[in-house]
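**Student:** Sharing a structure below in structure tokens format, with a few things to ask.
Protein chains: 2
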Amino acid sequence: MNEIKRTDVNTLGEFGLIDHLTKDVFPIHTATKRGIGDDAAVIKGADDNVIVVTTDMLVEGIHFDLIYSPLKHLGYKSMVVNFSDIYAMNAFPRQVLISIAFSNKYSVEALEEFYEGVQLACRLYGVDLIGGDTTSSPRGMTVSVTAIGEGHQDRIVYRDGAKAGDIICVTGNLGAAYLGLQVLEREKQIFLDHPEIQPELDKHHYLVERQLKPEARKDAVEYFHEKGFKPTAMIDISDGLASEIFHICKQSGTGAYIEEAKVPIHPDTEELALEFKINPITCALNGGEDYELLFTIDPSDLELVKTMPDIFLIGDILKPGEGITLHTTGGKIVPLEAQGWKHF
Amino acid sequence: MNEIKRTDVNTLGEFGLIDHLTKDVFPIHTATKRGIGDDAAVIKGADDNVIVVTTDMLVEGIHFDLIYSPLKHLGYKSMVVNFSDIYAMNAFPRQVLISIAFSNKYSVEALEEFYEGVQLACRLYGVDLIGGDTTSSPRGMTVSVTAIGEGHQDRIVYRDGAKAGDIICVTGNLGAAYLGLQVLEREKQIFLDHPEIQPELDKHHYLVERQLKPEARKDAVEYFHEKGFKPTAMIDISDGLASEIFHICKQSGTGAYIEEAKVPIHPDTEELALEFKINPITCALNGGEDYELLFTIDPSDLELVKTMPDIFLIGDILKPGEGITLHTTGGKIVPLEAQGWKHF
């Protein structure tokens, strides 16, 4: 490669890089209803249905560490994080393809464990495993999953439909997966330094499970369909609440405010955050990997949403000039900052 | 990982491993018309159409070497090999998703080059780039592509439709891509040993291009549609003619014979094979990466097929008991052996 100019990818960040590389991409087929820029792409399907498609890549040493992630959990999580993107479109995952590259250090039995997790997730979420690729890798493991979902064309929810006055909702507590990861990293370090010490994971069972074996909020999307209404905008929380709020506001052309006191945080998250000397709200805002759904509703749907189990109303969508802010428990109004994951 | 038993994946091989890991996988949705086991999976689409989906993973150091593969070519090839799987179903690629994991040694400009190739292939083949994922990797580059195609439900061609008496056809010469790779590997070695020597690639331009920048046989599938007939079985040649013949015979429950003298081999392939002291037919049978289409036709369609440009009739489908054999130019009948790629 003879390069005259060399720009480090970190100058753009993940989302900036995607925007930059795909700035000239415009779909030509009328069947392509939505391309790059949401949780999933949307294609015309049978009758009044659409097909939604999403893909995610998980890389050993970046997204997972096999020292503490059992392969069965990894297989399960690889599926669930993609299903979550389909639910975030208010659609249901139906088919999935999985590709896996792995070095020769992995045995057939290890791969069986991985596929047990894959197939368990498929069974529980009602998804057909329809294809994939297996190949070798010089080192480490890389997993790539593509999930295909189905939804009614009038029920698909994008990130860009929020409007001033809408209420911001979240389906469950935030920050737990991030602290689960911190516990695992700490115990890994202790184990590496003192192999004779048994890891103390039992008392952090809830947090560790949120990290290693997350679930996608199928139930919430079923509820929306049952009650016959839909959110105005929706996204799943993979990079942290702040980052997802920014996506919705950017694409909807709105502002927003979040009330810190209303952001749901599990007692175990609170407790461990304090032990790690991190403000719990920071875990919720920037931790990521919670895979809860963040959505906005028209105030007229409030009564329907209130009856949902595990639902939290955490703020409001504002007009574009009104900024994106956090109302702290201390009574201050501060600009929200989206850190998301720094992968590069 | 506490493993009691440890079976090396090499004892199963790539296809054996996939069969083993997915032996309990059965689709539950009626919309899933075909799952694992063909060039692409098939899902119900709009009206009488179906949606076909395929995915492939390319790993640096296994599938490509950036010492001699320009990133633009790599982006192009990543697309084309997936489009080829869609054409092998007698369908047309419409949408594609690309995920890429790369280490921080890659600059924004390097990724731009890669995406130039991706977008060029999309333009030339009329495919919409609708999504993907970009992430970092501790080392090297991994590319995963999912292509989505469209076809009429009555026109989809599987691997399992061949029957005794059908004629085996191929759309172009074989073995060139494999020898292109051998040239590149030889010149790489010379360059590493003697950096002052310029690589001699010009005189092997045709072979090198077949390796680095293959094309998919869109024209053949367009011809089938234009003439209103369809092959009885079809597969694209990614692992070598022998391996693909075995797939068709295994899934169709037939035998087959190939006439060595009729297998198309380019003069440049002939010449260089001799230089490398390899039998040219071995390159065609076991080389792979030609991305030509291998298909079988009912003899009643012979007249239509004969008028195709670049078409070669290389053998016949036999009854199951009659084996899978090669009639050599020397007049011998030998069992065909499928080596395919040994990736593990």
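The listed protein sequences derive, respectively, from chains A and B. Per the working numbering, the very first residue in the first sequence carries number 31; after that it's consecutive. Per the working numbering, the very first residue in the second sequence carries number 31; after that it's consecutive. Idealized CB from N, CA, C, for every residue including glycine.
(1) Can you pull the chain A residues whose beta carbon is under 8 Å from the beta carbon of residue 251/B, in chain order?
(2) Shorter than 8 Å from the beta carbon of residue 316/B to some beta carbon of chain A?
(3) So residue 341/A and residue 201/A are supposed to be a Cβ contact under 8 Å. How far apart are they, rounded?
(4) Kindly indicate which residue of 42/B, 134/B, 246/B, 295/B has the alpha-carbon position closest to the one of residue 204/B.
(5) Secondary structure at residue 351/B, three-state DSSP: helix, strand or coil?
(6) Would you list, in chain order, the members of the region 40-67 of chain B that have their beta-carbon closer than 9 Å to a beta-carbon of chain A?
(7) Answer with yes or no whether the minimum CB distance from residue 215/A to chain B is below 8 Å.
(8) Helix, strand or coil for residue 123/B? Go by DSSP, reduced to three states.
(9) Rounded to whole angstroms, how far is the Cβ of residue 276/B from the Cβ of residue 354/B, which I believe are closer than 8 Å?
(10) In whole angstroms, what separates the C-alpha of residue 338/B from that of residue 250/B?
(11) Given a cut-off of 8 Å on the beta-carbon distance, is the pair residue 268/B and residue 111/B in contact?
(12) Where does residue 209/A land, buried or exposed, given buried means 16+ other C-beta within 10 angstroms?
(13) Along chain B, in chain order, which residues have C-beta atoms closer than 7 Å to that of residue 87/A?
(14) Spatial neighbours of residue 97/A within its chain, please: CB distance less than 7 Å, with the 5 preceding and 5 following residues excluded, ordered by chain position.
(15) Can you list, in chain order, the residues of its chain with a C-beta nearer than 6 Å to that of residue 188/B? Leave out the 5 residues immediately preceding and following it.
(16) With the cut-off set at 8 Å, would you say residue 179/A and residue 116/A are in Cβ contact?
(17) Keeping to the same chain, check which residues put their C-beta closer than 8 Å to that of residue 318/B; ignore five residues upstream and five downstream.
(18) Work out the CA separation of residue 158/B and residue 82/B for me, nearest whole Å.
(19) Pop quiz: residue 191/B and residue 285/B are said to be a contact at Cβ under 8 Å. What is the actual Cβ separation, rounded to whole angstroms?
(20) Compare the C-beta of residue 138/A against all C-beta atoms of chain B and say whether one is closer than 8 Å.
(21) Do residue 167/B and residue 89/A have their C-beta atoms within less than 8 Å of each other?
(22) First and last residue of the beta strand (DSSP E) that includes residue 62/A?
(23) Along the beta strand (DSSP E) that carries residue 339/A, what are the first and last residues, could you check?
(24) Give the residues from the region 102-131 of chain B that approach chain E closer than 7 Å (Cβ to any Cβ), ordered along the chain.
(25) Just curious, the beta strand (DSSP E) that residue 180/B is in, first and last residue?
(26) Could you tell me the alpha carbon to alpha carbon distance between residue 324/B and residue 100/A, rounded to whole angstroms?
(27) Quick one: which chain A residues come within Cβ less than 7 Å of residue 35/B?
(28) Under a Cβ-count criterion, where at least 16 other Cβ atoms within 10 Å of its own Cβ denotes burial, should residue 77/A be classed as buried or exposed?
(29) At which residues does the beta strand (DSSP E) containing residue 297/A begin and terminate?
(30) Work out the CA separation of residue 239/A and residue 107/A for me, nearest whole Å.
(31) Which term fits residue 327/A, buried or exposed, when burial requires 16 or more other beta carbons within 10 angstroms of its beta carbon?
(32) Taking contact to mean 3 or more Cβ pairs, one atom from each stretch, closer than 8 Å, check whether the region 139-159 of chain A and the region 51-69 of chain B are in contact.
(33) Here's the rule: buried if 16 or more other CB atoms are within 10 angstroms of the residue's CB, otherwise exposed. What is residue 332/A?
(34) Assuming the contact rule is C-beta atoms closer than 8 Å, residue 118/A and residue 264/A should be a hit. Round their C-beta distance to whole Å, please.
(35) Provide the residue span of the alpha helix (DSSP H) that contains residue 315/B, from first to last.
(36) So residue 387/A packs on residue 137/B, CB below 8 Å; how close in whole Å?
**Tutor:** Looking at the coordinates:
(1) Start at 1 with the first residue of the second sequence, and residue 251/B comes out as number 221. Within chain A, no C-beta atom comes less than 8 Å from the C-beta of residue 251/B; the nearest is roughly 17 Å away.
(2) Here residue 316/B refers to the residue found at position 286 of the second sequence. It does not: the Cβ of residue 316/B has no partner Cβ on chain A nearer than 8 Å.
(3) Position 311 of the first sequence, counted from the first residue, corresponds to residue 341/A. Position 171 of the first sequence, counted from the first residue, corresponds to residue 201/A. The Cβ separation is near 6 Å, so the contact holds.
(4) Counting from one through the second sequence, the residue named residue 204/B turns up at place 174. Each of 42/B, 134/B, 246/B, 295/B was checked against the Cα of residue 204/B, and the nearest Cα belongs to 295/B.
(5) Within the second sequence, numbered from 1, the residue matching residue 351/B stands at position 321. Of the three classes helix, strand and coil, the one that applies to residue 351/B here is helix, per DSSP.
(6) Within the region 40-67 of chain B, the residues whose Cβ lies closer than 9 Å to any Cβ of chain A are, in chain order, 40, 41, 42, 44, 47, 48, 50, 51, 52, 54, 55, 56, 57, 58, 59, 61, 62, 64, 65, 66, 67.
(7) As a first step, residue 215/A must be located in the first sequence, where it is residue number 185. Taking CB atoms only, residue 215/A has no neighbour in chain B less than 8 Å away.
(8) Locating residue 123/B in the second sequence gives position 93, where the first residue counts as 1. In the displayed model, residue 123/B falls within a strand according to three-state DSSP.
(9) Residue mapping note: residue 276/B aligns to position 246 of the second sequence, counting from 1. Residue mapping note: residue 354/B aligns to position 324 of the second sequence, counting from 1. Between the beta-carbon of residue 276/B and that of residue 354/B there is about 7 Å, and that keeps the pair under the 8 Å contact cut.
(10) Along the second sequence, one-based indexing puts residue 338/B at 308. Along the second sequence, one-based indexing puts residue 250/B at 220. The C-alpha of residue 338/B lies about 8 Å from the C-alpha of residue 250/B.
(11) Within the second sequence, the letter at position 238 stands for residue 268/B. Within the second sequence, the letter at position 81 stands for residue 111/B. Yes, the pair counts as a contact, with Cβ atoms nearer than the cut-off.
(12) Counted from its first residue, the first sequence places residue 209/A at position 179. Residue 209/A comes out buried.
(13) As a working note, residue 87/A is residue 57 in the first sequence. Residues of chain B whose Cβ lies closer than 7 Å to the Cβ of residue 87/A are, in chain order, 129, 131, 163, 165, 174.
(14) Counting from 1 along the first sequence, the entry for residue 97/A is found at position 67. So the list reads 218, once near-sequence residues are dropped.
(15) The residue you call residue 188/B lines up with position 158 of the second sequence. Close CB contacts of residue 188/B within its chain, under the 6 Å cut and outside five residues either way in sequence, are with 68 (chain order).
(16) Within the first sequence, residue 179/A is the residue found at index 149, counting from 1. Within the first sequence, residue 116/A is the residue found at index 86, counting from 1. Yes, the pair counts as a contact, with Cβ atoms nearer than the cut-off.
(17) Taking the first residue of the second sequence as 1, we reach residue 318/B at position 288. The answer, listed in chain order, is 207, 208, 267, 268, 269, 270, 273, 370, 371.
(18) Taking the second sequence and counting its residues from 1, the one referred to as residue 82/B is at position 52. Taking the second sequence and counting its residues from 1, the one referred to as residue 158/B is at position 128. Cα to Cα, the separation comes out at about 15 Å.
(19) Counted from its first residue, the second sequence places residue 191/B at position 161. Counted from its first residue, the second sequence places residue 285/B at position 255. Not a contact, Cβ separation roughly 15 Å.
(20) Here residue 138/A is taken as the residue at index 108 of the first sequence, counted from 1. Contact of residue 138/A with chain B is assigned, a C-beta pair being separated by under 8 Å.
(21) On the second sequence, residue 167/B is found 137 positions in, with the first residue counted as 1. On the first sequence, residue 89/A is found 59 positions in, with the first residue counted as 1. Note that the C-beta distance between residue 167/B and residue 89/A is below 8 Å.
(22) Numbered from its first residue, the first sequence carries residue 62/A at position 32. Per DSSP, residue 62/A belongs to the beta strand (DSSP E) from 62-64.
(23) On the first sequence, residue 339/A is found 309 positions in, with the first residue counted as 1. Where residue 339/A is concerned, there is no enclosing beta strand (DSSP E), given that its DSSP letter is neither H nor E.
(24) Of the protein chains in the structure, A and B, none is chain E.
(25) Position 150 of the second sequence, counted from the first residue, corresponds to residue 180/B. Annotation for residue 180/B: the continuous beta strand (DSSP E) segment containing it runs 171-182.
(26) Start at 1 with the first residue of the second sequence, and residue 324/B comes out as number 294. Start at 1 with the first residue of the first sequence, and residue 100/A comes out as number 70. Between residue 324/B and residue 100/A, the C-alpha separation is close to 42 Å.
(27) Reading the second sequence from its first residue, position 5 is the one you call residue 35/B. The answer, in chain order, is 139.
(28) What you label residue 77/A is simply residue 47 of the first sequence in a count that begins at 1. Burial call: exposed.
(29) Mapped onto the first sequence, residue 297/A falls at position 267. In the DSSP assignment, residue 297/A falls outside any beta strand (DSSP E) and within the unbroken alpha helix (DSSP H) covering 297-305.
(30) Position 77 of the first sequence holds residue 107/A. Position 209 of the first sequence holds residue 239/A. Spanning the two alpha carbons is a distance of roughly 11 Å.
(31) Counting from one through the first sequence, the residue named residue 327/A turns up at place 297. Buried, because 16 or more other Cβ atoms sit within 10 Å of the Cβ of residue 327/A.
(32) Judged by Cβ distances under 8 Å, the region 139-159 of chain A makes contact with the region 51-69 of chain B, as three or more pairs qualify.
(33) Here residue 332/A refers to the residue found at position 302 of the first sequence. So residue 332/A ends up on the exposed side.
(34) As a working note, residue 118/A is residue 88 in the first sequence. As a working note, residue 264/A is residue 234 in the first sequence. Between residue 118/A and residue 264/A the beta-carbon gap is near 5 Å, inside 8 Å, which marks them as a contact.
(35) As a position in the second sequence, residue 315/B is number 285, starting the count at 1. Per DSSP, residue 315/B belongs to the alpha helix (DSSP H) from 310-316.
(36) Residue coverage of chain A in this structure runs from 31 to 374, which leaves residue 387/A outside it and unanswerable.
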